[in-house]
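Counting in the UniProt record's numbering, the final residue of the sequence shown is number 111, and the numbers go up one at a time with none missing.
Glycine is no exception: its CB is placed at the ideal position from the N, C-alpha and C atoms.
Before any comments, here is the structure.
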Amino acid sequence: MAIPAEKMKLMLPHLVPLASQAAEILQEIQPLTGDGRYVFPSARTKKRPMSNNTVLAALRRMGFEKSEMTGHGFRAMARTMLDEVLNVRPDFIVFQPCSKSDSMFIFWEYS
């Protein structure tokens with residue numbers, strides 16, 4: 001998957017490799033998600049992605065308190081699991097979301 005430069009903070013194009021398993025899952029759920037641009041579109045319009053508030057509301061309905069989990073918390077959790085469980089090189093983990101600096105590396109680590 002390629003993200004054009006104009007959509008990126010650093011104004012550089014960004015390539016996001018997609019595992020074959022992820023591609024399979026996306027193909028399997030397409031009958032549920034449709035042919036739109038987003039896998040998780042806004043409830044109000046298919047032209048925008050689902051909002052962060054929608055994700056937060058879903059987490060709260062599932063019983064997660066604000067101190068337990070946020071939508072952004074999934075990124076931090078994934079970063080920690082990739083490093084500690086799957087032994088993925090930390091520089092690869094930080095590079096993938098196209099962060100501006102190494103400070104994000106420290107921020108995402110939940111050890």
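Determine the DSSP secondary structure at residue 15, reduced to helix, strand or coil. Taking the sequence shown and counting its residues from 1, one reaches residue 15 at position 15. Here residue 15 sits in strand by DSSP.
With a Cβ-Cβ cutoff of 7 Å, do residue 93 and residue 86 count as a contact? Position 93 of the sequence shown, counting from 1, holds the residue named residue 93. Position 86 of the sequence shown, counting from 1, holds the residue named residue 86. No, the pair does not count as a contact, with Cβ atoms beyond the cut-off.
What does the Cβ neighbour count give for residue 61, buried or exposed, with the cut at 16 atoms within 10 Å? To locate residue 61, count along the sequence shown from 1; it is residue 61. Exposed.
Would you call residue 44 buried or exposed, if buried means 16 or more other Cβ atoms sit within 10 Å of its Cβ? Looking up residue 44 in the sequence shown gives position 44. That one is exposed.
Bridge partners - residue 2, DSSP secondary structure assignment: As a first step, residue 2 is located in the sequence shown; it is residue number 2 there, counting from the start. For residue 2, which the question treats as bridged, DSSP gives the partners 15.
Does the distance from the C-beta atom of residue 55 to that of residue 71 stay below 7 Å? For the purposes of this step, residue 55 is taken as the residue at position 55 of the sequence shown. For the purposes of this step, residue 71 is taken as the residue at position 71 of the sequence shown. Yes, they are a contact pair.
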